[in-house]
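Colleague:
Protein chains: 6
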Amino acid sequence: MQSFSNSLFADAEASYEDARYVIFGVPYDGTTSYKPGTRAAPNAIRAISYNFEPFMPEYGIELTGVPFTDLGDIYPEVDPETVAAQVEDTVSMILADGKVPVMLGGEHSITIGAVRAAMPKWYVVCDAHLDFQEEYRGSRYNHDCVSARIHDLGIQNIIIIGARSGSKEEFEAAARHRVYTADEVHDRGIAAILDEVKAAIGDDPIYLSIDADAVDSCLTPGLGTPDPFGITHWDLRSIIRALAPRAVAFDYVEVLPNDSEQTAAVAAKMIREFIGSREYGLLKRA
Amino acid sequence: MQSFSNSLFADAEASYEDARYVIFGVPYDGTTSYKPGTRAAPNAIRAISYNFEPFMPEYGIELTGVPFTDLGDIYPEVDPETVAAQVEDTVSMILADGKVPVMLGGEHSITIGAVRAAMPKWYVVCDAHLDFQEEYRGSRYNHDCVSARIHDLGIQNIIIIGARSGSKEEFEAAARHRVYTADEVHDRGIAAILDEVKAAIGDDPIYLSIDADAVDSCLTPGLGTPDPFGITHWDLRSIIRALAPRAVAFDYVEVLPNDSEQTAAVAAKMIREFIGSREYGLLKRA
Amino acid sequence: MQSFSNSLFADAEASYEDARYVIFGVPYDGTTSYKPGTRAAPNAIRAISYNFEPFMPEYGIELTGVPFTDLGDIYPEVDPETVAAQVEDTVSMILADGKVPVMLGGEHSITIGAVRAAMPKWYVVCDAHLDFQEEYRGSRYNHDCVSARIHDLGIQNIIIIGARSGSKEEFEAAARHRVYTADEVHDRGIAAILDEVKAAIGDDPIYLSIDADAVDSCLTPGLGTPDPFGITHWDLRSIIRALAPRAVAFDYVEVLPNDSEQTAAVAAKMIREFIGSREYGLLKRA
Amino acid sequence: MQSFSNSLFADAEASYEDARYVIFGVPYDGTTSYKPGTRAAPNAIRAISYNFEPFMPEYGIELTGVPFTDLGDIYPEVDPETVAAQVEDTVSMILADGKVPVMLGGEHSITIGAVRAAMPKWYVVCDAHLDFQEEYRGSRYNHDCVSARIHDLGIQNIIIIGARSGSKEEFEAAARHRVYTADEVHDRGIAAILDEVKAAIGDDPIYLSIDADAVDSCLTPGLGTPDPFGITHWDLRSIIRALAPRAVAFDYVEVLPNDSEQTAAVAAKMIREFIGSREYGLLKRA
Amino acid sequence: MQSFSNSLFADAEASYEDARYVIFGVPYDGTTSYKPGTRAAPNAIRAISYNFEPFMPEYGIELTGVPFTDLGDIYPEVDPETVAAQVEDTVSMILADGKVPVMLGGEHSITIGAVRAAMPKWYVVCDAHLDFQEEYRGSRYNHDCVSARIHDLGIQNIIIIGARSGSKEEFEAAARHRVYTADEVHDRGIAAILDEVKAAIGDDPIYLSIDADAVDSCLTPGLGTPDPFGITHWDLRSIIRALAPRAVAFDYVEVLPNDSEQTAAVAAKMIREFIGSREYGLLKRA
Amino acid sequence: MQSFSNSLFADAEASYEDARYVIFGVPYDGTTSYKPGTRAAPNAIRAISYNFEPFMPEYGIELTGVPFTDLGDIYPEVDPETVAAQVEDTVSMILADGKVPVMLGGEHSITIGAVRAAMPKWYVVCDAHLDFQEEYRGSRYNHDCVSARIHDLGIQNIIIIGARSGSKEEFEAAARHRVYTADEVHDRGIAAILDEVKAAIGDDPIYLSIDADAVDSCLTPGLGTPDPFGITHWDLRSIIRALAPRAVAFDYVEVLPNDSEQTAAVAAKMIREFIGSREYGLLKRA
Ligand SMILES: [Mn+2]
Ligand SMILES: [Mn+2]
Ligand SMILES: [Mn+2]
Ligand SMILES: [Mn+2]
Ligand SMILES: [Mn+2]
Ligand SMILES: [Mn+2]
Ligand SMILES: [Mn+2]
Ligand SMILES: [Mn+2]
Ligand SMILES: [Mn+2]
Ligand SMILES: [Mn+2]
Ligand SMILES: [Mn+2]
Ligand SMILES: [Mn+2]
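Residue numbers (my numbering), protein chains in the order written: chain A, 71 to 356; chain B, 71 to 356; chain C, 71 to 356; chain D, 71 to 356; chain E, 71 to 356; chain F, 71 to 356.
#1: Could you check the C-alpha separation between D257 of chain C and D329 of chain C for me, to the nearest Å?
#2: Scan the segment 298 to 330 of chain B for residues whose Cβ lies nearer than 8 Å to a Cβ of chain C and list them as they occur along the chain.
#3: Assuming the contact rule is C-beta atoms closer than 8 Å, D321 of chain D and I280 of chain D should be a hit. Round their C-beta distance to whole Å, please.
#4: So, with DSSP's three-state summary, where would you put I276 of chain C?
#5: Of all the alpha helix (DSSP H) runs that stay within the bounds of the segment 253 to 334 of chain A, which reach a length of 4 or more residues?
#6: What does F241 of chain C reach in chain D if we use C-beta pairs closer than 8 Å?
#7: Return the CA-CA distance between L133 of chain F and S119 of chain F, expressed in angstroms with no decimal places.
#8: Just mark G232 of chain E as buried or exposed, buried being the case when its beta carbon has 16 or more other beta carbons within 10 Å.
#9: Output, in sequence order along the chain, the residues in the segment 216 to 230 of chain E whose CB is closer than 9 Å to any CB in chain B.
#10: Within this structure, are the beta carbons of M173 of chain D and F79 of chain D separated by less than 8 Å?
#11: Residues around ligand 4, please: the condition is that the C-beta lies closer than 5 Å to some non-hydrogen atom of it.
#12: May I ask whether a heavy atom of ligand 9 can be found less than 7 Å away from the beta carbon of V185 of chain E?
#13: Below 7 Å, is the gap between the Cβ of V325 of chain F and the nearest heavy atom of ligand 11?
#14: So, with DSSP's three-state summary, where would you put L174 of chain A?
#15: Establish whether the CB of K238 of chain A and some CB of chain E are separated by less than 8 Å.
#16: Along chain E, in chain order, which residues have C-beta atoms closer than 8 Å to that of L289 of chain F?
#17: DSSP has R348 of chain B in a bridge; who is on the other side?
#18: Whole angstroms are fine: how far does the CA of C288 of chain D sit from the CA of T290 of chain B?
#19: Quick one: is the Cβ of T333 of chain E within less than 7 Å of any heavy atom of ligand 10?
#20: Measure the C-alpha to C-alpha separation of W192 of chain A and D265 of chain A and round it to an integer number of angstroms.
#21: Considering only heavy atoms of ligand 2, does any lie closer than 7 Å to the CB of T295 of chain A?
#22: Roughly how many whole angstroms lie between the Cα atoms of N76 of chain D and D143 of chain F?
#23: Quick check on R210 of chain F: does DSSP put it in helix, strand or coil?
#24: State yes or no: is the beta carbon of Q332 of chain E nearer than 8 Å to at least one beta carbon in chain A?
#25: So R109 of chain F packs on G168 of chain F, CB below 8 Å; how close in whole Å?
#26: By the criterion of Cβ-Cβ separation under 7 Å, what are the contact partners of S235 of chain D in chain B?
#27: Would you call E331 of chain F buried or exposed, if buried means 16 or more other Cβ atoms sit within 10 Å of its Cβ?
#28: Strictly under 8 Å for the Cβ-Cβ distance: is E147 of chain F near chain C by that measure?
#29: Please confirm if E83 of chain E has its CB atom under 8 Å from at least one CB of chain H.
#30: Distance check for T102 of chain F and D149 of chain E, CA to CA, integer angstroms please.
#31: Going by the DSSP bridge assignment, what does R248 of chain B pair with across the sheet?
#32: Give the DSSP-derived three-state secondary structure of L133 of chain F in the structure shown.
#33: Report the CB separation of R311 of chain D from E343 of chain D in whole angstroms; it is logged as a contact under 8 Å.
#34: Does the structure place the segment 183 to 199 of chain D close enough to the segment 231 to 247 of chain D that three or more beta carbon pairs sit under 8 Å?
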């Protein structure tokens, strides 16, 4: 008898029970200000995940040997605050079951619910935007308000890497936390910055959120709010390698698959990298 | 000195004060269930309006001789109920000033606010969908709930032309009104149906709403919820020609400009047709 | 707890055991002569199936009430003869289990294996092409050789509807069977032709294959070998309605999703139509 | 030894000396008012010509048996008047050699030079536009001025089929000739109109020009100035079949290949149809 | 009452009278040799300008605080020499009114008219191409002849940065001026080259022209004549930052928006950078 | 008389007899695992070759002065092993005639036949993939098996540059040869690696194969199996400049032209670079 495909993330073949990592998608783009379409990202990222081999030579790890699963997508409602609750639900369940959630956006507003479930000591985010708006287009759960809402949760430690866009008020609000602009990454090098970040964090648990527009839109143009003069995908890989072992939860958001798949390709590789480097880091530590 | 372009609807060169017709756009697509992107339609329709000559040979009318204006787009909020209020505001103003509003979607949910402002005796809509859902994805202002909300306003007379999609419950709800399915249009011919419709309406004022997906998606595929086996654009033109003189307000919604502009081309021509045939009809009557 | 999506055909929620219809995809396009890419069709057709409501008003049937399933895609090998064997395997299993296979191409060559499994009295195909080449580009399993291979299986009764392309030799080979050209459908009307076809077939079991390029490429351009001057999608719907109750197996092939989804939309609707009209026809007969 | 492809029109394998028909392309789009890109049409039409079989079942003719050639494209200059001279050069040469020119646009302005070379008794054109502007965007050789320039050449007999766009002045200028609007074709049927046209022409030589936008842009959207509510491609085929035997020269212009190739597919088929039906017509007459 | 959008460059909200910078577009692409479509660039650049915040953190400047305006587009004629005159008209007016013109192409040939109006001491251009052709495709105003025409105006000082393409004769003609090839920028670094350029220029007024194809087409592929192995967008930003304070006029040409908007995004950011860095530079100097 | 275009590689104007380099295309993509469409690459590369000037300033060489030709494309069969034989045929002929073959893919499997014809001492390949699968999707001539098949030919010396993807078994098989991963190129610099490679090769003849996916898919996304984190196009140029003088044959494969032509632009430039730098290197040596 023939075997048949599914359309979930490649190699995500564990059962939920056995899985150490749990992928799920949130095809939501209800508050996007510039271009809509990030709802198509979860399936675009899954599709291109089949373009890559299970073997990760950097770590000597076969992804097929790491137990992880992909639940598919939740069915998001229209209202972003409700979607945050749906996400919180799902992330809470995964964390309660002792697993690491890996959430695929959809737009960035979904991170609010995930952070609310995880309540980490640190929120580390790669983003072109500060996302420190109090409110935008009539909604406090707009994808431009993510950092502001996470600040409101009482998360004291927010680190933003790759920033280059925000209002004056947002830059002032963010100044109470740590902001490494894309220009600073470009000038000082990502290694020096990661040394600082790791020193600050110590062994604290972090939530790691990747807004895909942190990367320069000349390198990965498939974005809802594309911004040139960003960090490189090489920088992003360094960030994930450095921080994955400390992460209790992870998301990758804001991919808008309207290019030749290069942006989804980076996303899929970074999700593999998160799992692979975290496994490798924990292994080495053990 | 050179003259300079604007990007409004072609020939919409009257001032607001002088205008008999007032075009405005609502680039909103926050509740769309299948493909997002109808927010791009107002500008796509305006762009292709420049592809057509001011002269309408059917009527011997130069559009440049008809005073109409284009306000540009409103800035829609995130929440569809709020957007309905924004639209209601705008349509109320236009109607209060004794002008005919011509609204460019965006998604169909914006029609709710416009009908609330106009409170016509009849609501006539061309649509593949019944839009009689009580609620969808957690929202009563979803673009699948338009007819239901208009029914709730106390509008007793709803006529749906071109329908072919809905739940069992929606077909039951719609049965209290008049539904001409696309198959019926195909079989009986639009002329026979329009005779019935005109007889029913008499001289009552109507609101005329065109959901672009009424037309067969093999003819105009640029749609958020494309549906084949629809009415033709020729049928649609007949409908507009027959009903424009009775319309106190008009909208054209649900264009998603992801094709080779044929769907926006039909939209732009139908907006011209609405204005041209209404002027011609009123002229003839006078 | 949230519920999660899968990416299979909408409403295909029965288990294999309970299913009366079994959908599966064959993402194979190894022999295509003009444009490649039909391998993307199964998932494109599944994606747009979610754009349609479960309720089919023509039949008063809820698709959720019809037990059918979707196995996902087989993993096709490189060689078309091997793929034919893979398909034969799968169709044989489904038929042996007393179910109706519904196969989504991929290219037309996959039909060879399915017909070999079904060995029907009649092979009825809608196609712009005769597919009566003995061999093409070095392969006897090319998608231009489907009818020839089925003839070789000893199937005596082949009916081709919508044909308009073939070599002189192919027209001679096809003349031993029945060919209704697209021009003939256009001139005589599909109803007259279906009367003849039904009279010829009687109560014999048939295999029904739809090569999507039977339909005029001005209506559905998303095709590997697009051909204008074809039958309409309305004709196609009439054909499926007329013949579904007699079909022991069904396939829909040669969609190449490079348009605005109108071609996949017709495909998804025709698969629903096959199931819905067959259920309705069997019900009525009972 | 392997054989190697060229990229000329399929089956155009005669030498220039032997050819009865001479295809050449004019990749010029310098005056286009709406969308540029018709320069890509000659190669797009050639590419899809390989999608069709040499055999034409309607005529029992193998195109490989008809001696025709394809010279490739001329190198057009920037200025449209100069391009007209380049075209005149080429068409004069072909006519002087007793062959039938088949010109692939590029934009419609190139027809001016071709008609100047042919100086036919009748100029028959299918077009959405009257092209009777005296001047446009500062140029008398704009693609909106074709009919006006041909009128200026002293061609007394101009027939425009499929028209639906022009200024008031253009409609007045065209009224001195014959205009069959697309609406008239739709209402009366193409057969009735062709009877009139053939009666008027008698046995006079004609120049036959097809502006691809004559066809409804819902059927063939790949156009520089797309216009819905046109004639169908079936109408166009009837026109070519009726008039090809009388044509001393032929062109097909204004295709802009930005769709899924359906517009180029119709173009390629119509060029085959021109050759096939002309050969067949001459044969029958002989 | 709702407020309504316009479609001009974001934050260009000053009146012409108050404006220090005057944006206008020239949607002209009549002489392009490879791909047409740069006529769509002005509106594409305006559209993505709304993706960026008014605040520029590098300068602490709010763009809403800088008085600048956007006139919309001129209506270009067909002939490039005439278009040069139209541009000269407009730029002369703006300069006479003591403002800085910021012109959005369209193709590079429009720069000729602008330089003729400004008659600067230096012409500094970023370009992959030398544009030193005497004539091309029959026109001396071809976009390949820009530098040659500017040389003819008697501008003695031409600096070309990013060059990598030209005929032997063009390289010889350009050698009388200064050419920094993209390879030289790559090898020596842009800072060293800008030091030389600034030293040469001193405090002279310059015209600064950016042909978007100066940037490597792997980074910004949306170009009419894409060329890899160019300078980076980071280099381009350095150039604009260094030279904006000396510029009496500025243009950004040759964007062809057929990518995922990354090329228009860089253009919009560079126009902001021109204004922002010039304001900042003048402020600092003051 | 006008001159007419052909569609072959720009400046390839020598006769086969006179040519020192012989370009030919193999539009084959029958075994591709992820996205099909590389069959379109030969013509896409030829098209954009006209975007570049004949003059190569780095070498002071006019390409029109180097005798090279372009045969067009072979007509590939369906089966990859047969295609290998077709390619072997062609390459053998070219080599026997004392010329250098320059093959345009199509997919990588075509290299097998070319290497079989050339039987070089060294096989140097740029590739993201090791291509050391014994068999894939039922075929030993899959494009994932190229290196394995070349190893089987008895070629002892294989160098892979840019690798980052393969199974564990492939990495073991490749370890018997030399692999420079993309990360290693990124870290050590291409110059250091090329020094090693040149030292190893000495004056031996090599076959040089460029799989376009060696380059980072963020720079050149037009690929069948796009992979980020690759070498840059600048690295690739260095490789070709260093190794072209030693190459007896060359190919460029796996371009899939679905982007804004940047990937084909790099390919066309690299083919020019191969010819230009080889001519220059041989000249200098002489
Ligand atoms: Mn964000
Ligand atoms: Mn962001
Ligand atoms: Mn609706
Ligand atoms: Mn609808
Ligand atoms: Mn077929
Ligand atoms: Mn077919
Ligand atoms: Mn015309
Ligand atoms: Mn026209
Ligand atoms: Mn230039
Ligand atoms: Mn340039
Ligand atoms: Mn390879
Ligand atoms: Mn590869």
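By construction, the Cβ of each residue, glycine as well, lies at the ideal position given by its N, Cα and C atoms.
Modeller: Taking the definition as stated:
#1: Spanning the alpha carbons of D257 of chain C and D329 of chain C requires a straight line of approximately 28 Å.
#2: Within the segment 298 to 330 of chain B, the qualifying residues are P298, F299, N328, D329.
#3: So it is a contact: roughly 7 Å between Cβ atoms.
#4: DSSP, read as helix, strand or coil, puts I276 of chain C in strand.
#5: Segments of the alpha helix (DSSP H) lying fully in the segment 253 to 334 of chain A: 260 to 271, 303 to 313.
#6: Using a Cβ-Cβ cut-off of 8 Å, F241 of chain C is close to F125, P127 of chain D, given in chain order.
#7: Roughly 12 Å between the two C-alpha positions.
#8: Result: buried.
#9: Result list empty, no residue passes.
#10: Taking the C-beta atoms as reference points, F79 of chain D is found no nearer than 8 Å to M173 of chain D.
#11: Cβ atoms closer than 5 Å to ligand 4 belong to B:D197, B:A198, B:H199, B:D281, B:D283.
#12: False, no ligand heavy atom lies under 7 Å from that Cβ.
#13: Between ligand 11 and V325 of chain F, a heavy atom-to-CB distance of less than 7 Å is absent.
#14: In the displayed model, L174 of chain A falls within a strand according to three-state DSSP.
#15: At least one chain E Cβ lies under 8 Å of K238 of chain A.
#16: Those are C288, L289, listed as they occur along chain E.
#17: Paired residues: none, contrary to the question.
#18: Between the C-alpha atoms of T290 of chain B and C288 of chain D there is a straight-line separation of about 6 Å.
#19: No.
#20: The straight-line gap from Cα to Cα measures roughly 16 Å.
#21: Yes, the beta carbon of T295 of chain A sits closer than 7 Å to at least one heavy atom of ligand 2.
#22: Distance between the alpha carbons of N76 of chain D and D143 of chain F is about 8 Å.
#23: In this structure, R210 of chain F counts as coil in the three-state DSSP scheme.
#24: Yes, contact with chain A.
#25: The C-beta separation of R109 of chain F from G168 of chain F comes to about 30 Å, leaving the pair out of contact by the 8 Å criterion.
#26: Neighbours of S235 of chain D on chain B, chain order: F122, E123.
#27: By the 16-neighbour rule on beta-carbons within 10 angstroms, E331 of chain F is buried.
#28: It does; some Cβ of chain C falls within 8 Å.
#29: Although the question refers to chain H, the structure presented lacks it and instead comprises the protein chains A, B, C, D, E and F.
#30: Their Cα atoms are separated by approximately 48 Å.
#31: Beta-bridge analysis with DSSP links R248 of chain B to B:I229.
#32: Three-state result, L133 of chain F: helix.
#33: Contact between R311 of chain D and E343 of chain D holds, since their C-beta atoms are separated by about 7 Å, short of 8 Å.
#34: Touching, per the Cβ criterion.
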